[in-house]
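In the working numbering, each number is its position in the first sequence, counted from 1, plus 32. We put the CB at the ideal spot given by N, CA and C, even for glycine. Here the structure is a predicted model, which is why all the values come from computation and not from measurement. Take a look at the structure set out below.
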Amino acid sequence: MIDQRFDPKAHEQRIYQRWEESGCFRPSMDTSAEPYAIMIPPPNVTGSLHMGHALNNTVQDILCRFERMRGKNVRWQPGMDHAGIATQMVVERQLAASGGNQDRRSMGRDTFIEKVWEWKEESGGTILNQLKRLGASCDWENTKFTLDEDMNKAVNKVFVDLYNEGLIYRAKRLVNWDPHFQTAISNLEVENKEVDGHMWHFKYPLAGGETYTYVEKDEDGNVTLEETRDYISIATTRPETMLGDGAVAVHPSDERYAPIVGKLCEIPVGPKEHRRLIPIITDEYPDPDFGSGAVKITGAHDFNDYQVAKRGGIPMYALMDEKGFMRADGEAYAAVAEVAQRIAEGKEDFDEAKIAAMNLVPDQYRGMERFEARKAVVADITAEGNGVMIADSKWKPEEGDEVPAQGRDDTPPMIPLVENKKIMQPFGDRSGVVIEPMLTDQWFVDAETLAKPAIEAVRSGATKFVPENWDRTYYNWMENIEPWCISRQLWWGHRIPVWYGPANDANGEWSAVQSFCAPTEKEALIAAEANYSGSIRLTTLDEAKRKNFFDTETDEVLLYQDEDVLDTWFSSGLWPFSTQGWPEQTDGLKTFYPGAALVTAFDIIFFWVARMMMLGIKFMDGEVPFKDVYIHAIVRDENGKKMSKSEGNVIDPVDLIDGIEADALVAKRTTGLRQPEKAPQVEKATRKRYPNGFDAYGADALRFTLAAMATKGRDINLSVERVAGYRNFGTKLWNATRFAQMNEAKFGVSIAPQSLELSVNKWIVSELYKCTAAVSEAIEDYRFNDAASAAYHFTWDVLCDWYLELSKPILNGDDAEAKNETQAVLGWVLEQTFVALHPFMPFITEVLWEQTAERSDFLMQQTWPGLNGSFDDEKAGEELDWVLKTISQIRSVRSDVNVPAGAKVPVSLVGANDETGRRVAAHRDVIMRMARLDKLDMADAAPAGSVKTVVDEATVVLEIADLIDAGEEVARLDKQLGKLGGEITGLEKRLGNEAFVAKAPAEVVAEQRERLAELQGTRDKLSVAREQLAAL
RNA sequence: GGUCGAUUAGCUCAGUGGUAGAGCACUGCAUUGACAUUGCAGGGGUCACUAGUUCGAACCUAGUAUCGACCACCA
33 MIDQRFDPKA
43 HEQRIYQRWE
53 ESGCFRPSMD
63 TSAEPYAIMI
73 PPPNVTGSLH
83 MGHALNNTVQ
93 DILCRFERMR
103 GKNVRWQPGM
113 DHAGIATQMV
123 VERQLAASGG
133 NQDRRSMGRD
143 TFIEKVWEWK
153 EESGGTILNQ
163 LKRLGASCDW
173 ENTKFTLDED
183 MNKAVNKVFV
193 DLYNEGLIYR
203 AKRLVNWDPH
213 FQTAISNLEV
223 ENKEVDGHMW
233 HFKYPLAGGE
243 TYTYVEKDED
253 GNVTLEETRD
263 YISIATTRPE
273 TMLGDGAVAV
283 HPSDERYAPI
293 VGKLCEIPVG
303 PKEHRRLIPI
313 ITDEYPDPDF
323 GSGAVKITGA
333 HDFNDYQVAK
343 RGGIPMYALM
353 DEKGFMRADG
363 EAYAAVAEVA
373 QRIAEGKEDF
383 DEAKIAAMNL
393 VPDQYRGMER
403 FEARKAVVAD
413 ITAEGNGVMI
423 ADSKWKPEEG
433 DEVPAQGRDD
443 TPPMIPLVEN
453 KKIMQPFGDR
463 SGVVIEPMLT
473 DQWFVDAETL
483 AKPAIEAVRS
493 GATKFVPENW
503 DRTYYNWMEN
513 IEPWCISRQL
523 WWGHRIPVWY
533 GPANDANGEW
543 SAVQSFCAPT
553 EKEALIAAEA
563 NYSGSIRLTT
573 LDEAKRKNFF
583 DTETDEVLLY
593 QDEDVLDTWF
603 SSGLWPFSTQ
613 GWPEQTDGLK
623 TFYPGAALVT
633 AFDIIFFWVA
643 RMMMLGIKFM
653 DGEVPFKDVY
663 IHAIVRDENG
673 KKMSKSEGNV
683 IDPVDLIDGI
693 EADALVAKRT
703 TGLRQPEKAP
713 QVEKATRKRY
723 PNGFDAYGAD
733 ALRFTLAAMA
743 TKGRDINLSV
753 ERVAGYRNFG
763 TKLWNATRFA
773 QMNEAKFGVS
783 IAPQSLELSV
793 NKWIVSELYK
803 CTAAVSEAIE
813 DYRFNDAASA
823 AYHFTWDVLC
833 DWYLELSKPI
843 LNGDDAEAKN
853 ETQAVLGWVL
863 EQTFVALHPF
873 MPFITEVLWE
883 QTAERSDFLM
893 QQTWPGLNGS
903 FDDEKAGEEL
913 DWVLKTISQI
923 RSVRSDVNVP
933 AGAKVPVSLV
943 GANDETGRRV
953 AAHRDVIMRM
963 ARLDKLDMAD
973 AAPAGSVKTV
983 VDEATVVLEI
993 ADLIDAGEEV
1003 ARLDKQLGKL
1013 GGEITGLEKR
1023 LGNEAFVAKA
1033 PAEVVAEQRE
1043 RLAELQGTRD
1053 KLSVAREQLA
1063 AL
């Protein structure tokens, strides 16, 4: 006999270990079985399980367990992502916290990376163990880490192949630069946030004191402002970048500025004797209706300006170093400014290298942090009076603008120096610092070329999104894809497999560089050897630069490897095939590529799904990496708020599994907050919301909750009450099994549905098959909520509430044969229920399986019910429907007329046909028991004053005249008659409509006719009962 | 600005053309019986609004209102 209660803590880890040790998670590699593969979205090695992971992996586990039970050869490929920035950050922080004065740079690259590996071995990957707590049936023996040697081999091959095809290239481009981590990042890693900012308005004086007539007109062409100006008005949110302006641009159609296009204006900052002049040019980019219509062009520090500068041949002057400080290198400002001046006036040609070396930051700003520099620039301009009050007829003050007094009433309106303004600012998603566009040399993937077949694969249906409307999001992104910046100035990651050496060794001129792209250092050396006459030595960037690629002492050509590493998503993008052994043609690769499904949240469609599609199709002969992409919802808290630490509403899945006391929960939520000042608020909210912490609900309850809520919507609002409810569901199943054991149900024995005698047994077996068919269909269609609720409904409402009750009289009765059959069916149906629930609740079902019979195998290895045939006894179904209906009706009437629950009442059936008579005979015991009757007979007429209800053709008569009030009973019947009348009228109206009868499908019409007849029959019988009663 | 979505019971949400559903909450009754983490019975909805298509609309179409997500943005 099983325990009184299921204790998840006592079993979950034990069961998991048994599964793992028995190799249950391994693919069968049965060649006759259909392969089924799911690639786990590799969690970050630094990660720990959150609710999103819990949902993601529950879904995958349901699919895998289900398909495994259906006999497929299943590989759920687990692993982790080395997560470049995140991991490097964690280890760097740890180094800082450990108090030593060692930081990454002082330590050196090799030592640091060693440290990271050490950290990884010790503390990395807790998330994989947490996945095990959830019950994830991954093929752990094939666990991969994106930075493993075999992964690296795949990465290098992909890189080299793409390089050789020209699909990977190195170029100087404006990229998103993270000044904190001092690396480039892709635009996906940039988060644009709206912040309070300012817009400054400055006058750029025309060169030589020139003037022009500035005219503004309204829509009808009436002049609203006309004045003589000796300047052009420029607005900017980033004054410090003025120092790098290369031009001022206006729209070609903008008549206001037509007189001064082609002239020069002065950047109103820097030492007066060396103010730079820049040309006023035309470009399509400026919007004449925004601001003054004139835009300063700073090609090296703004993405839009970059495009303008490229089009117009405007020099792009880089102003900042990699930490986001104003440059302090190079020649003094005065000399550089003169060169820049000649370039601006077209008196001198320029080339990229020369421009890059020029530091146009005036001496007084050099070395300043960028936001300090901004303040200084603004202060300096303001001090000179070049910033104040520019006339603009279109400008209207907004709330919060600091408008100097004299500006208010002036006509036309005067723009103040500073406008307060909400501006969108880019932040690094990891560092949280403001991203700086920077001109740097980076490696790029030609994503546009790779995207084409990837788009086509979705269009053709080779890969399907579920729900399908996500394909729009995918197309949207893929069709506008930009070159993918894949180089990162980090240490932790796949080093770029490119080595640099001198371009020629002809006459000791080592100015140019040539690169050797090869999958290994060895092959790079071989390639280099073929290129150079002398001997070659590998060295670092530093030495190679210092010695200009040639060691004169040893007479060696110097070669060094690119210092950068690859974007983490580059290696994740290979996941579907790199994990299966590619480039070797392994069994795993042949069997498990393409995968069946990819399960993920929408937030990494671009990061990951798109990249896997592009790279998979490219390297696997045009075959897509997976057939279905199931996009699941984002888990939020019970009120639909995003779970966040500072809100204090993060629910840790492990806490729901293991339970946690209120104090511990509070402690957990308040420590390590990014904003520690929020701690009291978090504590208060937590105590209010969860005064008792969480019970230990167990993994099954959590999984079932997530499955039940996994609809095709976008958000899941997770409530702990719901988890409790599904824990109760487990308890219900557990107790049903206890009941079966107490009644000596036969477990571990199969039955032959065809040879069953009792209709109640035929019925429950039919119901079981209906349930498992519904569950199968729903899972195949990724409708996990439907699957879960079908299983839930069968178990609780059908099996427990009805079948168990119906079986009681038989199990306690004297009919040995009937009892035998029922014991067998009860045990078997329960076992099949375990099977059907197993994908959702693997632990409790496995424990029940284990403890109900001597078993030589695991539940998780059983065959999905329904696989070996089906069974549907319609006759038994109708019969039991009648039994259930009869019992329910009697119970309902009893309750309506307040018959005490304990009282037994005599019932007779009037007007029953032979079939009903037969059914009554067969089920008299159980009906009497469940409806609490002391008599159930057939009768020709009802005694006066009794209470009546109608089931099909028969009137059910409760002979309790003395217990009830005739008036109340008439009222009760009237209420029912009223309800019936409404429904009947509706049906009659519909059926009276000729158009309906003519046009609606025949079966719908027939159905409604039947329904009408039935309702009319019921009404007639109830009317008779009412009249009889009223006549008393 | 572009794209996707939401609006159904007190709450959280299912429901893609044919009798409006679930869980929780609520009301009444029931406790030696597998289970109070329970059972039985019940109350509660103008399916946001407007117009259309249709024999028939929560569902399809168009529009309106409110809320949300993602992407791109004006210096």
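Rounded C-alpha distance that separates residue i from residue j
i, j, result
"GLY325", "TRP601", "40 Å"
"THR25", "ARG288", "Past the boundaries of the shown model lies residue 25; the chain is included only from 33 to 1064, so the question cannot be answered."
"ALA856", "ALA777", "6 Å"
"GLU305", "ARG359", "21 Å"
"VAL368", "GLY276", "12 Å"
"LYS225", "PRO458", "6 Å"
"GLU863", "GLY757", "22 Å"
"GLY999", "GLY909", "38 Å"
"ALA350", "TRP232", "21 Å"
"PHE582", "VAL589", "5 Å"
"ALA411", "LYS453", "19 Å"
"PRO897", "HIS870", "11 Å"
"TYR835", "VAL77", "49 Å"
Three-state secondary structure (DSSP) of residue i
i, result
"GLN521", "coil"
"TRP795", "helix"
"ALA1027", "helix"
"LYS764", "helix"
"PHE779", "coil"
"PHE322", "coil"
"THR1105", "With the chain covering only 33 through 1064, there is no way to say anything about residue 1105."
"THR215", "strand"
"GLN134", "coil"
"HIS664", "strand"
"SER940", "strand"
"VAL530", "strand"
Which residues DSSP lists as bridging residue i, in chain order
i, result
"LEU199", "LEU199 is not bridged to any residue."
"ALA279", "ILE329"
"PRO626", "Answer by DSSP bridge pairing: none, since PRO626 is not bridged."
"GLN457", "LYS225"
"HIS233", "ALA267"
"TYR244", "ARG261"
"TRP209", "ALA216 and GLU468"
Cβ neighbour criterion (16 or more within 10 Å) applied to residue i
i, result
"SER2", "For the chain, the structure presents residues 33 to 1064; residue 2 sits outside this window and is missing."
"GLN109", "buried"
"GLN893", "exposed"
"ALA415", "exposed"
"ASP62", "exposed"
"PHE322", "exposed"
"PHE736", "buried"
"LYS1072", "This structure cannot settle anything about residue 1072, because the visible part of the chain is limited to 33 through 1064."
"SER603", "buried"
"MET955", "Going by the sequence as given, residue 955 is His instead of Met. With 16 or more other Cβ atoms within 10 Å, it is buried."
"MET962", "buried"
Which listed residue (the options) has its alpha carbon closest to that of residue i
i, options, result
"ASP905", "ILE487, TRP795 and PRO657", "TRP795"
"GLN474", "PHE638, LYS204, PHE1028 and THR495", "LYS204"
"GLN396", "TRP209, ALA388 and ALA405", "ALA405"
"LEU606", "ALA267, VAL301, LYS164 and VAL190", "VAL190"
"ARG701", "LEU238, GLU715, GLU709 and ILE689", "GLU715"
"VAL1037", "ASP1052, LYS1021 and SER567", "LYS1021"
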